[in-house]
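First comes the structure, then the notes that go with it.
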Amino acid sequence: MAEFRRIGIISRPSRKTTAESIRRVARLVKKKECELLVDEETARVLETSEGLELPELAEQADLGVIVGGDGTLLRAVRHLAPRNVPVCGVNRGRLGFLADIYPEQIPSVLGAILDGEYEIDQRSILVGEVLRGDEQLCVSDALNDVVIHSYRDLHMIELQTLVSGRPLSSLRADGLIISTPTGSTAYAMSGGGPILHPSLQVLVMVPICPHMLSSRPIVVDLDSEIELEVIGRPESRGVVSFDGAANQELTIGDRIRIRRQDYPLNLIQPKGHDYYEILRRKLSWNL
307 MAEFRRIGII
317 SRPSRKTTAE
327 SIRRVARLVK
337 KKECELLVDE
347 ETARVLETSE
357 GLELPELAEQ
367 ADLGVIVGGD
377 GTLLRAVRHL
387 APRNVPVCGV
397 NRGRLGFLAD
407 IYPEQIPSVL
417 GAILDGEYEI
427 DQRSILVGEV
437 LRGDEQLCVS
447 DALNDVVIHS
457 YRDLHMIELQ
467 TLVSGRPLSS
477 LRADGLIIST
487 PTGSTAYAMS
497 GGGPILHPSL
507 QVLVMVPICP
517 HMLSSRPIVV
527 DLDSEIELEV
537 IGRPESRGVV
547 SFDGAANQEL
557 TIGDRIRIRR
567 QDYPLNLIQP
577 KGHDYYEILR
587 RKLSWNL
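The opening position of the sequence shown corresponds to residue 307 in this note's numbering, with each subsequent residue numbered one higher.
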């Protein structure tokens, strides 16, 4: 495996423990004689004026080290994945299925990665666009999921759903989750969806509190194009979000098209990485 030489640190330091982990990563990068790049928030922790905006850091780095939780990693992926910059995560969040290096492992595990001892885990990304007539309201990537849900009041949202041009259902529910295998351990799992191994070339559609109990999660091919249209009452409104961000309000007649993005995320894992061991540890199975 190739060694990484230009290391970008991206973080959202909200706690003292996160700041200490940032400093430990920075010391390791310098010890390995690699070039250190940092985003603006990390620069404040390291007391340097050399912080870069994320697009600029993504242009220069050949590895992104994310110090924080999965939310911080998801934010960074929007900039790094399109430029084919691989990422690894030091977990300073809560559960952390993506940021899976623990602070005490920084010298050993992250050190080995910087020495070229690692595995590449390719994760599929979704891209979605929102259309109102012929106007494109927004377009955004999602590593975990695209979620459509009702807006502000207690009314359900109604969606006409098609898979690769074929009608699937008319859904009345609080919302709908369209998740990658990576996102299957996030909101989709809380909504009753299955856990999908990251290597599977599928996505899962999980209704949120559907009106009909027969509305169940369904797994479809990852190369399918999902199209959703807001239907129902003229005053129906909703919101679509991509990985919990990039929210776009929806109204009757709006359409959401979702497909597989042309590029994946290259997630760097330690040698001997075992997804099932992560599930056992994170979900406290058989402990």
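Cβ coordinates follow ideal geometry from the N, Cα and C atoms, glycine included.
Report buried or exposed for residue i, applying the criterion of at least 16 other Cβ atoms within 10 angstroms of its Cβ.
i      : result
Asn592 : exposed
Leu460 : exposed
Leu519 : exposed
Gly422 : exposed
Ile501 : exposed
Arg539 : exposed
Tyr582 : exposed
Please state whether the Cβ-Cβ distance between residue i and residue j is less than 9 angstroms.
i      : j      : result
Val469 : Val526 : yes
Met495 : Arg478 : no
Leu379 : Leu404 : yes
Leu589 : Arg429 : no
Asn450 : Ser475 : no
Ile483 : Val510 : yes
Glu531 : Arg565 : yes
Leu343 : Ile313 : yes
Asn397 : Gly417 : no
Leu341 : Arg389 : Per the sequence presented here, residue 341 reads as Glu, with Leu not at that position. No, the pair does not count as a contact, with Cβ atoms beyond the cut-off.
Leu528 : Leu506 : yes
For residue i, which option in the options has the closest C-alpha, if you only look at C-alpha atoms?
i      : options                           : result
Ala325 : Glu339, Pro409, Cys515 and Ser496 : Pro409
Asp447 : Glu435, His455, Glu441 and Asp440 : Glu435
Ile629 : Val546, Ser327 and Val391         : This structure cannot settle anything about residue 629, because the visible part of the chain is limited to 307 through 593.
Ser521 : Asp560, Glu533, Pro504 and Asp480 : Asp480
His385 : Arg586, Ile316 and Arg438         : Ile316
Val391 : Ser414, Gln507 and Ala364         : Ala364
Glu601 : Ser490, Leu556 and Ser355         : Missing from the structure shown is residue 601; the chain here goes from 307 to 593 and no further.
Gly497 : His455, Glu535, Pro504 and Glu533 : His455
Glu309 : Ala367, Ser547, Ser355 and Glu346 : Ala367
Would you give the residue range spanned by the alpha helix (DSSP H) that residue i belongs to?
i      : result
Ile412 : Neither: Ile412 is in no alpha helix (DSSP H) and is coded neither H nor E.
Met495 : Tyr493 to Ser496
Thr488 : Note, Thr488: premise wrong, no alpha helix (DSSP H); not H, not E.
Ile524 : Premise fails: Ile524 lies in the beta strand (DSSP E), Ile524 to Asp527, not in any alpha helix (DSSP H).
Ala349 : Glu346 to Leu352
Gly417 : Gly417 to Leu420
Arg333 : Lys322 to Lys337
List the endpoints of the continuous beta strand (DSSP E) containing residue i.
i      : result
Gly544 : Arg543 to Phe548
Leu573 : Leu571 to Gln575
For the ligand HEM, is there a heavy atom less than 8 angstroms away from the beta-carbon of residue i?
i      : result
Ser446 : Here there are no bound small molecules, and the ligand HEM is not part of this structure.
Using 8 angstroms as the threshold, is the region 368 to 383 in touch with the region 325 to 341, meaning 3 or more CB pairs across them?
yes
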